[in-house]
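Trainee:
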Amino acid sequence: MQFSQEDFEKAKDQLKLLKEDPGNEVKLNLYALFKQATEGPCNTTKPGMLDFVNKAKWDAWKSLGNLSQDGARQKYIELVSSLVSAESSKVKETPLGSKSVYETLEVTAKDNITQIMLNRPKVKNAINVKMYNEIMEALEEAAKDNSVVVVLTGNGDYYCSGNDLNNFANVSPTAVQEGAEKGAVLLKDFVNHFIDFPKPLIAVVNGPAVGIAVTILGLFDIVYASDRATFHTPFSNLGQTPEGCSSYTFPKIMGVSKATEMLLFNKKLTAAEACAQGLVTNVFPDNTFQKEVWARLKTYANLPRNSLAISKQLIRSMEKEKLHEVNAQECERLKERWQSDECMNAVINFFQRSKL
Amino acid sequence: MQFSQEDFEKAKDQLKLLKEDPGNEVKLNLYALFKQATEGPCNTTKPGMLDFVNKAKWDAWKSLGNLSQDGARQKYIELVSSLVSAESSKVKETPLGSKSVYETLEVTAKDNITQIMLNRPKVKNAINVKMYNEIMEALEEAAKDNSVVVVLTGNGDYYCSGNDLNNFANVSPTAVQEGAEKGAVLLKDFVNHFIDFPKPLIAVVNGPAVGIAVTILGLFDIVYASDRATFHTPFSNLGQTPEGCSSYTFPKIMGVSKATEMLLFNKKLTAAEACAQGLVTNVFPDNTFQKEVWARLKTYANLPRNSLAISKQLIRSMEKEKLHEVNAQECERLKERWQSDECMNAVINFFQRSKL
Amino acid sequence: MQFSQEDFEKAKDQLKLLKEDPGNEVKLNLYALFKQATEGPCNTTKPGMLDFVNKAKWDAWKSLGNLSQDGARQKYIELVSSLVSAESSKVKETPLGSKSVYETLEVTAKDNITQIMLNRPKVKNAINVKMYNEIMEALEEAAKDNSVVVVLTGNGDYYCSGNDLNNFANVSPTAVQEGAEKGAVLLKDFVNHFIDFPKPLIAVVNGPAVGIAVTILGLFDIVYASDRATFHTPFSNLGQTPEGCSSYTFPKIMGVSKATEMLLFNKKLTAAEACAQGLVTNVFPDNTFQKEVWARLKTYANLPRNSLAISKQLIRSMEKEKLHEVNAQECERLKERWQSDECMNAVINFFQRSKL
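Chains as they are written, first to last, in UniProt numbering: chain L, 1 to 356; chain P, 1 to 356; chain V, 1 to 356.
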């Protein structure tokens with residue numbers, strides 16, 4: 001098969017449209033074929049040892065030896081064509097912006113960022129069983145798509161009001177044990193998805209956060225908060241115990257004595273307090289929150305993808321085993337708690353109060 | 001044995017005097033027996049699935065089937081009677097407010113809080129051998145009593161001036177090795193009591209704290225300090241090394257570089273500094289210190305007992321083994337230090353200075 | 001061999017010139033021999049049990065029994081002589097102030113402090129291969145010399161601009177794999193020298209710090225910074241990943257979410273920010289920086305040597321194994337990164353920009 005000069009020009013143009021960097025080896029090869037096609041065999045003097053870039057290019061050109069200009073042109077066209085078709089087939093696998101449709105979430109993808117937005121604003125984004133499952137599914141998709149960073153945020157005034165207590169109300173009294181066992185399995189699986197998430201995971205905390213929405217922040221890589229956000233974990237009020245690995249991550253982040261005030265004694269932190277104690281990376285005024293945060297996120301999403309993912313994994317790898325152990329223990333304790341009188345009384349009181 | 005209507009009324013009144021919640025199962029049973037006794041078999045329509053509370057009550061009543069009103073009354077009276085006698089026998093085991101009498105401590109119990117007060121104000125609550133042993137005994141008692149949280153504080157101007165150096169002076173020069181060995185055993189046992197303490201342990205730091213009184217704060221769950229308090233660990237001045245697990249807890253709480261300034265280079269922290277670095281949970285002005293702290297403590301002591309204890313244990317369980325290992329290593333190093341020239345010179349200098 | 005009264009007087013004078021404390025046992029022996037030589041056998045009453053110091057002296061004197069005054073004088077002279085010659089031979093082994101001569105460092109020793117100064121001010125103290133090796137050599141020497149604390153600082157305006165990127169430029173394109181492997185071995189060895197350093201190690205950060213000069217600060221015991229200093233780790237910009245154990249020490253010091261902003265997303269910290277987050281112990285105004293820091297260092301260097309070294313080792317011993325594991329993993333990841341297109345592109349871009 002023969003290629004015309006026109007095909008060669010077209011290949012040059014197609015090359016400029018590639019979205020992904022094809023890598024150094026390929027680029028050197030393209031350079032060499034182009035030179036060979038337009039100027040013939042390498043005829044310049046070898047660059048000095050320290051002239052790294054030009055020496056690499058020279059080596060590549062030289063390596064083509066006496067390949068004819070026509071032959072080089074043909075190989076150039078074929079190489080560009082293979083790059084173009086590889087990219088277009090890849091794009092088809094994970095089309096930008098057309099994520100699965102969820103009932104409780106809105107998931108969008110743009111500028112190398114996948115955003116998972118909790119979307120039950122009428123109940124302050126409380127997490128029901130459906131939402132637990134959909135968040136896990138969305139994290140699995142985001143782990144595989146071509147995003148560089150992944151964002152979790154809430155729709156409306158709240159970031160997330162935590163576990164939907166109707167999850168308890170729907171358990172019939174004669175099936176408390178079964179309900180507790182199922183709940184513990186679901187919770188453990190949910191938290192594991194955050195422990196194992198392979199890319200930088202960023203929380204954009206647009207408003208108040210409660211319960212498990214707070215505890216899992218210790219498993220995020222960056223937490224940006226509006227100054228309207230608050231952080232509240234009223235577990236003991238409900239006869240419960242901490243989850244989301246917070247019994248390990250919170251003492252590590254802020255020391256045991258500050259973590260205990262939150263996790264045992266229900267202290268609600270302002271955004272500024274949460275930042276001073278290291279749970280939140282940075283706080284922004286609410287009226288410029290989205291603008292300032294997204295300016296940063298776009299910069300982050302342009303950084304080398306593998307470098308970021310591997311850096312995150314390095315930071316987490318040393319404690320991943322421990323986090324899984326902590327998660328299992330916390331869920332085991334909660335399974336017992338959910339069957340305890342302390343917890344049942346507290347939940348009953350909650351519903352009785354909320355009926356007034 | 002037959003019961004009169006009068007017995008039934010008396011049982012109703014006794015029930016109101018119970019101090020401890022008998023638990024949901026018992027309460028549902030009491031409800032059902034009372035309904036059966038006064039209205040006969042269950043004759044109302046079944047509540048809806050989501051009406052959790054009423055459905056539980058209905059189920060309990062329904063489960064009594066055709067039990068006679070007399071039979072229900074009898075069972076009700078017997079059940080109340082068993083609850084009353086169980087509680088009164090329990091109260092006898094751990095009478096509120098009548099703790100063991102100690103020589104160096106004052107221990108009181110009130111409002112679900114056991115308070116252990118160091119009571120050698122004339123020597124700034126320095127810990128002599130007697131006090132080491134009494135603190136251990138008091139912790140063992142508090143672990144078993146019916147308190148929800150346990151408080152350690154100091155009588156007088158000082159919280160605690162640390163190890164009483166007369167513990168060294170009483171060692172004869174020919175028995176230095178024996179003294180060091182005994183000291184290390186005592187210290188290890190003492191610190192283990194804090195590592196293993198099963199309930200929330202709260203330090204109410206009313207004034208300056210020195211040495212081991214500072215280092216063991218890393219093993220407390222909450223540390224509230226007056227703004228008069230200071231935190232000083234002058235170990236190297238005395239040729240000694242850190243204890244109380246501080247070589248592990250302090251770097252974890254404040255980072256190695258701040259911990260080193262305290263533990264190696266004798267930096268004395270103000271209460272505000274200790275709070276900024278996470279060693280102290282909160283600082284209060286001295287003139288409102290007791291009032292503000294006890295208001296919080298009373299709230300805490302009304303939270304569900306098991307939820308708090310289990311939450312604390314979750315937080316500590318992951319590192320308990322490590323803490324015991326650290327404690328053993330620290331005591332081993334101190335045993336060597338106490339026999340070293342560096343340490344002996346420093347202690348001799350201390351006594352010579354204090355004689356001037 | 002006989003000794004004159006003159007020899008005895010001379011011994012008394014020589015004793016005063018000893019620089020190191022000979023230890024309690026020797027001092028008591030000297031005391032006893034002196035008393036025996038000048039007053040004869042012990043003839044005073046035994047001091048009370050609690051009079052620790054005098055009782056120890058009395059015991060020592062008494063133990064000489066009926067040794068003649070001449071014999072005591074002779075033993076005294078011999079003992080002093082042995083102390084003097086032991087000290088002078090020791091001084092010869094590690095002469096103060098006359099360290100090995102280095103090409104990239106200036107190493108000095110004074111007042112129990114060894115200072116290692118990075119000395120390539122024209123390239124902002126960038127670390128080339130020569131400097132990596134010399135720092136390791138200087139640390140090995142400092143570990144063995146008689147210094148109590150060891151200081152690392154920079155000559156000129158910069159503390160250290162990190163890894164000299166010319167280390168990459170000198171790798172020929174055909175030897176990238178070999179270069180990456182050698183680099184990883186060098187880096188691992190370098191970081192291990194900090195992990196294992198046995199004495200208090202203090203960074204005096206006189207100006208901006210970049211890359212590995214920042215990450216290894218997590219392995220120092222104290223970090224004092226001028227308010228001119230900044231802390232920057234732009235790894236992902238260069239397609240690289242964190243080293244110096246920072247993937248472990250930074251999250252431990254400041255929490256994951258603040259560490260990630262530095263290590264993944266290139267946030268440059270001011271000295272005040274680095275201090276608030278625990279990476280820096282204390283910040284000083286630049287115009288009084290050297291004066292204030294050295295006043296502290298001199299105080300530190302007068303503290304008991306063994307007490308300090310053992311305290312440091314206690315703090316580090318619990319995590320030494322983990323640090324070695326982290327270091328190995330980080331170097332393994334970097335070896336892969338250095339061979340990646342992401343990294344090569346970034347380095348090529350760096351040199352192309354810097355040629356403009």
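Idealized CB from N, CA, C, for every residue including glycine. This structure is a prediction, so every number in the text was calculated from the model and none was measured.
Is L:VAL210 near L:SER161, with beta carbons less than 8 angstroms apart?
Mentor: Their beta carbons are under 8 angstroms apart, which means L:VAL210 touches L:SER161 by this criterion.
Trainee: Considering V:GLU106, what are the terminal residues of the beta strand (DSSP E) in which it resides?
Mentor: 105 to 110
Trainee: How many whole angstroms separate the CB atoms of residue 357 of chain V and V:THR114, which I take to be in contact at a CB cut-off of 8 angstroms?
Mentor: Because chain V here runs from 1 to 356, residue 357 of chain V falls outside it and cannot be looked at.
Trainee: When the Cα of V:LYS252 is compared with those of L:PHE284, L:PHE235, L:GLU319, which residue comes out closest?
Mentor: In this structure, L:GLU319 is the residue among L:PHE284, L:PHE235, L:GLU319 with its C-alpha nearest to the C-alpha of V:LYS252.
Trainee: Just reading off the beta strand (DSSP E) that P:PHE284 is part of, what are its end residues?
Mentor: 282 to 284
Trainee: Per DSSP, P:GLY154 forms a beta bridge with which residues?
Mentor: P:LEU118
Trainee: So for P:THR45, helix, strand or coil by DSSP?
Mentor: coil
Trainee: Report buried or exposed for L:PRO304, applying the criterion of at least 16 other Cβ atoms within 10 angstroms of its Cβ.
Mentor: buried
Trainee: Tell me the DSSP secondary structure of L:LEU17 in three-state form.
Mentor: helix
Trainee: Hey, out of V:GLU9, V:LEU17, V:ASN24, V:LYS16, whose CA is closest to P:ASN349's CA?
Mentor: V:ASN24
Trainee: If you follow the beta strand (DSSP E) that L:TYR224 is part of, which residue opens it and which one closes it?
Mentor: 222 to 226
Trainee: Are V:GLY278 and P:GLY239 touching if we call contact CB-CB under 8 angstroms?
Mentor: no
Trainee: Pick helix, strand or coil for L:ASN24, following the three-state DSSP scheme.
Mentor: helix
Trainee: Applying the 10 Å Cβ sphere with the 16-neighbour rule, what's the burial state of P:TYR175?
Mentor: At residue 175 of chain P the sequence reads Ala, which differs from the Tyr that was named. Exposed, because fewer than 16 other Cβ atoms sit within 10 Å of the Cβ of P:ALA175.
Trainee: Any Cβ of chain V within less than 8 angstroms of the Cβ of L:ASN306?
Mentor: Yes, L:ASN306 counts as interfacial toward chain V.
Trainee: Kindly say whether L:LYS188, judged by its beta-carbon, lies nearer than 8 angstroms to any beta-carbon of chain P.
Mentor: Chain P contact via Cβ: absent.
Trainee: When you compare each of P:LYS16, P:PHE8, P:GLU134 to P:ALA72 by their alpha carbons, which one comes out closest?
Mentor: P:PHE8
Trainee: Between the stretch 266 to 296 of chain V and chain L, which residues of the former have CB atoms less than 7 angstroms from a CB of the latter, in chain order?
Mentor: Correct list: empty, as no residue qualifies.
Trainee: Can you list the residues of chain P that V:LEU314 reaches, using a CB-CB cut of under 8 angstroms?
Mentor: THR241, PRO242, SER247, GLN329, GLU330, ARG333
Trainee: For a quick check, are the C-beta atoms of L:GLY244 and L:GLY218 less than 8 angstroms apart?
Mentor: yes
Trainee: Please determine if the stretch 304 to 314 of chain P and the stretch 222 to 231 of chain P are in contact, where contact requires at least 3 C-beta pairs separated by less than 8 angstroms.
Mentor: Cβ pair count under 8 angstroms is below three, so no.
Trainee: Going by DSSP, what residues sit across from L:ILE127 in a beta bridge?
Mentor: L:ASN163
Trainee: Kindly indicate the opening and closing residues of the beta strand (DSSP E) around P:LEU217.
Mentor: Counting along the chain, P:LEU217 falls outside any beta strand (DSSP E), and DSSP gives it neither H nor E.
Trainee: Check for me: the beta strand (DSSP E) holding V:THR230 runs from which residue to which?
Mentor: 230 to 232
Trainee: Using a Cβ-Cβ distance cut-off of 8 angstroms, determine whether V:MET318 contacts chain L.
Mentor: no
Trainee: If we call anything under 8 angstroms between Cβ atoms a contact, is V:VAL80 one with V:LEU17?
Mentor: no
Trainee: Check whether chain P comes within 8 angstroms of L:THR260, counting only Cβ atoms and requiring the distance to be less than that.
Mentor: yes
Trainee: Which residues does DSSP list as the beta-bridge partners of L:THR270?
Mentor: L:THR230
Trainee: On the three-state DSSP scale, how would you describe P:LEU264?
Mentor: coil
Trainee: Per DSSP, which residues does L:LEU201 bridge with? Please list them.
Mentor: Answer is L:VAL150.
Trainee: According to DSSP, simplified to helix, strand and coil, what is P:VAL101?
Mentor: P:VAL101: coil per DSSP, three-state reduction.
Trainee: Given that V:GLY23 touches chain P, what residues does it touch there, using C-beta distances under 8 angstroms?
Mentor: ASP341
Trainee: So L:GLY179 is in the alpha helix (DSSP H); what residue range does that whole segment cover?
Mentor: Start and end: 176 to 195.
Trainee: Quick one: list the residues of chain V neighbouring L:SER311, beta-carbon separation under 9 angstroms, in chain order.
Mentor: PHE235, SER236, GLN240, THR241, PRO242, SER247, THR260, LEU263, LEU264, ARG333
Trainee: Using only CA atoms, which one of P:ASP13, P:GLU6, P:LYS27 lies nearest to L:ASP341?
Mentor: P:LYS27
Trainee: Which same chain residues end up closer than 8 angstroms to residue 392 of chain L when comparing Cβ atoms and leaving out the 5 residues on each side of it in sequence?
Mentor: There is simply no residue 392 of chain L to check, as chain L begins at 1 and stops at 356 in what is shown.
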